[in-house]
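Residue numbers (my numbering): -19 to 336. By construction, the Cβ of each residue, glycine as well, lies at the ideal position given by its N, Cα and C atoms. In this text the structure is predicted, and so the values were computed from the model without any measurement. A short worksheet on the structure shown next.
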Ligand code: KG4
Ligand code: ZN
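Structure representation (structure tokens):
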């Protein structure tokens, strides 16, 4: 009897060194059999942000061991894998090269297919692994590097409805955390501080909000928080909490408004399809944003899906799953496939069997 496909996934595009083994059965159901993530938080903490060169070196130091642990925890031998998948971009190029080169070496040595996975596609398909949902669905990806609405029509078939024109949302959280003197990663610290703050003390601008588009802009908001912080300096603990709470409320309102518009567009363009909004990326952990999205989804009669947070942030399981989804459709990449710093999700070369 067939067990479906067993795929190793490798993720090294930012500051997580991760590997996982995922099974996709013949009915299309996914099972995570191992999922190992090593965060580089400590390496980068003294610098207040991710240092690309340090990240690449840390991936080199740890990736082999993380892969070994993932395969061992799955109770498998490397030869029992059906394919090797790795993030090939977008991301910090040094780290991407480490993961992709390792995957190529494994694929060549084992004689198994290689899948060079788009990191954004891996985020986009995660809800099919966790919740088994069908296409199409709307995805809101909000991480440290990306903020975008994407219509997920099928494997390799994406339509970007809006992106950020400047900072990503996670990046805005991280910058606000920095200016309030909080540590990294900033998002969770801003959220914690916001709990004791007054969300209505500061009235921050909401760029683009009155325009009928699905793009985001967060750099003006970040500047407004900085100016308010400078005007209130020296900041008491309460001032800092009020700034964090007011920033977070503003962001939640912006995201909710955009999600409402995106769901209206989804209904108009796909009247027969069930309306579903999937959230991905580290900012999905934010409770106020989650609550705002829940409110919008309920009002629109849409289903809101937020996968478990460890699968919203960077991990190997999502890469393995995206590889498995492409593999069963005949996708495969050559050993000469290139790593890419930039690779938009809706580019022409997202085809299932691209570079096969
Ligand atoms: O997806 P992710 O782990 O890594 C990538 O950027 O790919 O996302 C990390 C981002 C960071 O900017 C972090 O500050 C933000 O997600 N984040 C949060 C929260 N948890 C993580 N932002 C707001 N609230 C949170 N609870
Ligand atoms: Zn990511």
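Residue i Cβ short of 7 Å to ligand 2 heavy atom set
{"i": "residue 340", "result": "Past the boundaries of the shown model lies residue 340; the chain is included only from -19 to 336, so the question cannot be answered."}
{"i": "residue 127", "result": "no"}
{"i": "residue 294", "result": "yes"}
{"i": "residue 19", "result": "no"}
Span separating the alpha-carbon of residue i from that of residue j
{"i": "residue 113", "j": "residue 107", "result": "7 Å"}
{"i": "residue 152", "j": "residue 289", "result": "19 Å"}
{"i": "residue 211", "j": "residue 188", "result": "25 Å"}
{"i": "residue 179", "j": "residue 213", "result": "18 Å"}
{"i": "residue 200", "j": "residue 217", "result": "24 Å"}
{"i": "residue 64", "j": "residue 279", "result": "42 Å"}
{"i": "residue 25", "j": "residue 164", "result": "6 Å"}
{"i": "residue 250", "j": "residue 149", "result": "28 Å"}
{"i": "residue 337", "j": "residue 81", "result": "Missing from the structure shown is residue 337; the chain here goes from -19 to 336 and no further."}
{"i": "residue 244", "j": "residue 198", "result": "23 Å"}
{"i": "residue 185", "j": "residue 85", "result": "50 Å"}
{"i": "residue 96", "j": "residue 138", "result": "17 Å"}
{"i": "residue 53", "j": "residue -2", "result": "13 Å"}
{"i": "residue 230", "j": "residue 196", "result": "13 Å"}
{"i": "residue -13", "j": "residue 88", "result": "15 Å"}
Residue i burial status per 10 Å Cβ neighbour count (16 or more: buried)
{"i": "residue 333", "result": "Caution applies to residue 333, whose pLDDT of 44 falls short of 50 and renders its modelled position unreliable; the value that the coordinates give is listed next. Exposed, since its Cβ has fewer than 16 Cβ neighbours within 10 Å."}
{"i": "residue 314", "result": "exposed"}
{"i": "residue 44", "result": "exposed"}
{"i": "residue 325", "result": "buried"}
{"i": "residue 389", "result": "Nothing can be reported for residue 389: it is not among the residues displayed for the chain, which extend from -19 to 336."}
{"i": "residue 316", "result": "exposed"}
{"i": "residue 294", "result": "buried"}
{"i": "residue 110", "result": "buried"}
{"i": "residue 192", "result": "exposed"}
{"i": "residue 39", "result": "buried"}
{"i": "residue 22", "result": "exposed"}
{"i": "residue 169", "result": "buried"}
{"i": "residue 7", "result": "exposed"}
Residue i CB to nearest heavy atom of ligand 1 below 7 Å
{"i": "residue 233", "result": "no"}
{"i": "residue 263", "result": "yes"}
{"i": "residue 153", "result": "yes"}
{"i": "residue -6", "result": "yes"}
{"i": "residue 337", "result": "Because the chain spans -19 through 336 in this model, residue 337 falls outside it and cannot be assessed."}
{"i": "residue 347", "result": "Lying outside -19 to 336, the shown extent of the chain, residue 347 is not represented and no answer is given."}
{"i": "residue 165", "result": "yes"}
Start and end residues, beta strand (DSSP E) containing residue i
{"i": "residue 285", "result": "283 to 285"}
{"i": "residue 129", "result": "127 to 134"}
{"i": "residue 141", "result": "137 to 143"}
{"i": "residue 188", "result": "That residue, residue 188, is in no beta strand (DSSP E); it is neither H nor E in DSSP."}
{"i": "residue 11", "result": "10 to 19"}
{"i": "residue 49", "result": "Segment 32 to 53 is the alpha helix (DSSP H) holding residue 49; no beta strand (DSSP E) there."}
Span of the alpha helix (DSSP H), counted from its first residue to its last, around residue i
{"i": "residue 63", "result": "It is not in any alpha helix (DSSP H) - residue 63 instead sits in the beta strand (DSSP E) that spans 63 to 69."}
{"i": "residue 235", "result": "217 to 249"}
{"i": "residue 303", "result": "296 to 307"}
{"i": "residue 289", "result": "289 to 292"}
{"i": "residue 86", "result": "73 to 90"}
C-beta atoms of residue i and residue j nearer than 8 Å
{"i": "residue 20", "j": "residue 57", "result": "no"}
{"i": "residue 260", "j": "residue 292", "result": "yes"}
{"i": "residue -7", "j": "residue 67", "result": "yes"}
{"i": "residue 5", "j": "residue -11", "result": "no"}
{"i": "residue 2", "j": "residue 323", "result": "no"}
{"i": "residue 283", "j": "residue 254", "result": "yes"}
{"i": "residue 69", "j": "residue 321", "result": "yes"}
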